[in-house]
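Numbering (the working numbering), first residue to last: 604 to 741. Here's the structure we're looking at; comments come further down.
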Amino acid sequence: MNIRSFQLSDYAHVNQLLKRVLSESCYAETIEALACQLSYDSGLVLVAQAGERIAGILIGTVDRHQGYFYRIAVDPPHRGRGIAKALIAEMRQRFMKRNVRHVFVALDHHNRPLMPLYESLGLPVWENIHQLKIVSGS
């Protein structure tokens, strides 16, 4: 497995992954956030590549020196293999390089089932997701 930055050639595979694993409303919100984050800082969109397949994606964002894990998705056949943890670990490194002071999980009703994962990694949760927007802030 290889964790790396999103590349334009990944778009079709990522789009299919998100459609497969997210609800329709979550997909609509996430694809919009993905486009915004790619336009501001594509280095905060990570993919996990397993062979020729995209097995997972993590969208992060930074606003006022605070980092947020916006959305994570792992393809069901690849779950339980540490992909989400590897994506989170790499994003934490990227946040550090951007002088992020605090890191939060942007929690909403779509990703609430992932709370045990976030808690096991000691990540604080920010539940005012309706106020979080992908922005070009640093």
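C-beta: ideal position from N, C-alpha, C; glycine also. All values derive from a computational prediction rather than experimental measurement.
Own chain partners of residue i with C-beta closer than 7 angstroms, once the 5 adjacent residues on each side are dropped
i, result
"arginine 695", "Val706"
"valine 677", "Ala658, Gly659, Ile686 and Ala687"
"arginine 704", "His668 and Gln669"
"alanine 653", "Met604 and His681"
"glycine 646", "Ser608 and Arg697"
"isoleucine 606", "Leu649, Ala651, Ala689, Leu690 and Glu693"
"histidine 733", "At histidine 733 the pLDDT is 45, less than 50, meaning the model places this residue with poor confidence and gives no usable figure here."
"leucine 720", "Ala687"
Cα-Cα separation between residue i and residue j, rounded to whole angstroms
i, j, result
"leucine 625", "alanine 615", "15 angstroms"
"glutamine 640", "isoleucine 634", "10 angstroms"
"leucine 620", "glutamate 627", "12 angstroms"
"isoleucine 662", "glutamate 722", "18 angstroms"
"arginine 701", "leucine 637", "19 angstroms"
"glycine 610", "aspartate 666", "Note that residue 610 is glutamine in the sequence shown here, rather than glycine. Distance between the alpha carbons of glutamine 610 and aspartate 666: 23 angstroms."
"glycine 683", "tyrosine 671", "23 angstroms"
"methionine 699", "arginine 623", "31 angstroms"
"proline 716", "asparagine 618", "21 angstroms"
"serine 741", "tyrosine 630", "No answer about serine 741 holds up, because its pLDDT of 47 lies below 50 and its placement is not dependable."
"proline 679", "methionine 718", "18 angstroms"
Proximity below 8 angstroms, CB of residue i to CB of residue j
i, j, result
"leucine 690", "valine 708", "no"
"aspartate 711", "valine 650", "no"
Buried or exposed (CB count within 10 angstroms, at least 16 for buried), residue i
i, result
"alanine 692", "exposed"
"asparagine 714", "buried"
"arginine 656", "exposed"
"glycine 674", "Reading off the sequence shown, one finds arginine at residue 674, where the question assumed glycine. Burial call: buried."
"threonine 664", "buried"
Contacts around residue i, its chain only, beta-carbon distance under 8 angstroms, and the 5 residues preceding and following it disregarded
i, result
"leucine 724", "Lys688 and Ile691"
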